[in-house]
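Engineer: Residues in the sequence shown are numbered consecutively from 1, following the UniProt record's numbering.
By construction, the Cβ of each residue, glycine as well, lies at the ideal position given by its N, Cα and C atoms.
Keep in mind that this is a model prediction, so the values were computed, not measured.
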Amino acid sequence: MHRWRAHYVFRLRTPSTVRASRKIYAAAQARAYATGTRYALTDEERAQLPGLDFSEPHSMVNHPIPLVPVAQMYRRDVPDFAGPDGVDLLQVLWCPLDHSEEGYNPRVRLYWRRSADVSRPLAAAPEPPVVNDSYLPTACVVHPEQIREYQYAELLPEELAAQITVWEEESGEESDDDEGIDYQFDLSLAPGWKVGGFANWGLTDPHPMDCTKCGTAMTLLFTADSSEWHGSGGSWRPVEDPAEAPRNPTDVSIGRSYALYIFRCPVSFDHPPATTMR
Ligand SMILES: [Zn+2]
Ligand SMILES: [Zn+2]
1 MHRWRAHYVF RLRTPSTVRA SRKIYAAAQA RAYATGTRYA LTDEERAQLP
51 GLDFSEPHSM VNHPIPLVPV AQMYRRDVPD FAGPDGVDLL QVLWCPLDHS
101 EEGYNPRVRL YWRRSADVSR PLAAAPEPPV VNDSYLPTAC VVHPEQIREY
151 QYAELLPEEL AAQITVWEEE SGEESDDDEG IDYQFDLSLA PGWKVGGFAN
201 WGLTDPHPMD CTKCGTAMTL LFTADSSEWH GSGGSWRPVE DPAEAPRNPT
251 DVSIGRSYAL YIFRCPVSFD HPPATTMR
């Protein structure tokens, strides 16, 4: 829960309005795929949507805002699971509003638990009265796939980065369509929601993420992204997915289609995590 002063408020929606709107958009999308026509809303659908600028009264953030569940991971399912000894469950929650001190992002909270201790789970998570609709995740089942990521090019040893550049140029010359393989986009850093791996600093220069408690360089724990793949998908689009699979099944959107990176201190899980948007 947060006090309202912590929030930057512009457009508030109730969770039920957000879900109803998404249902309408999804129906229009499904219709477009089924009929091979352009995506378009009917007049009736349009009438059911709130206006683009509509907001619930800003005073509604004065009510307590329960955190919303964002991700739940068990150690047994996730090879890159990181947590204190003895815990087997990580729950990621966030406050679904903008926080100026978090770079106008949701404020993230991490809870490591022993699942055996959760004897009486809530049937449903308490709902916040209002949210920023970009921060209300649509529930998804995850099918984890482990891949190896490689550090952001600028953070590699200089000599290695130079070798990669040469190799990229050669691969471009060899390919028929003149479209070589790109280390950054195709090979090193997976877009989408992920556990572990590396951050993509493409938006700005790499920003040091050092623990506020002990100064140690932090490691990436978890990423919430605005889409699972970029453009046509390239090498990252899961081959198992049908053609009409949405690029953003969670409906979460961070900034202008960026990602929210959550870092942890490798020295101690008691040291505070840090987030950054890129
Ligand atoms: Zn908050
Ligand atoms: Zn630390």
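1. So what's V239 in DSSP terms, helix, strand or just coil?
2. Could you tell me whether the region 97-109 touches the region 132-147, where touching means 3 or more Cβ pairs closer than 8 Å?
3. My assumption, with CB atoms under 8 Å, is that M218 sits in contact with G103. Please give the rounded CB distance.
4. DSSP on W4, reduced to helix/strand/coil?
5. Is the beta carbon of P191 sitting closer than 8 Å to the one on W167?
6. Can you say whether A243 is buried or exposed, counting buried as having 16 or more other CB atoms within 10 angstroms of its CB?
7. Can you list the residues near ligand 2, meaning Cβ strictly closer than 6 Å to any non-hydrogen atom, in the order they appear in the chain?
8. Is there at least one non-hydrogen atom of ligand 1 closer than 7 Å to the beta-carbon of T99?
9. Run through DSSP, which three-state label would H99 get?
10. When the Cα atoms are used, what is the spatial distance from E158 to Y150?
11. Verify the contact flag: R107, CB atom, against every heavy atom of ligand 1, threshold strictly below 7 Å.
12. Using 10 angstroms around the beta-carbon of P128, count the other beta-carbons present and answer buried if the total reaches 16, otherwise exposed.
13. For the structure I just gave you, are there three or more beta carbon pairs, one from the region 181-188 and one from the region 40-56, closer than 8 Å?
14. To the nearest angstrom, report how far apart D53 and N62 are at their CA atoms.
Structural biologist: A quick look at the data gives this:
1. coil
2. yes
3. M218 to G103, Cβ: 16 Å. No contact.
4. Its pLDDT being 47, under 50, W4 is placed unreliably in this model, and the coordinates cannot settle the point.
5. no
6. exposed
7. C211, K213, C214, T216, C265, V267, S268, H271
8. Checking the sequence shown, residue 99 turns out to be His, not Thr. Correct: H99 has its Cβ closer than 7 Å to ligand 1.
9. strand
10. 14 Å
11. yes
12. buried
13. no
14. 21 Å
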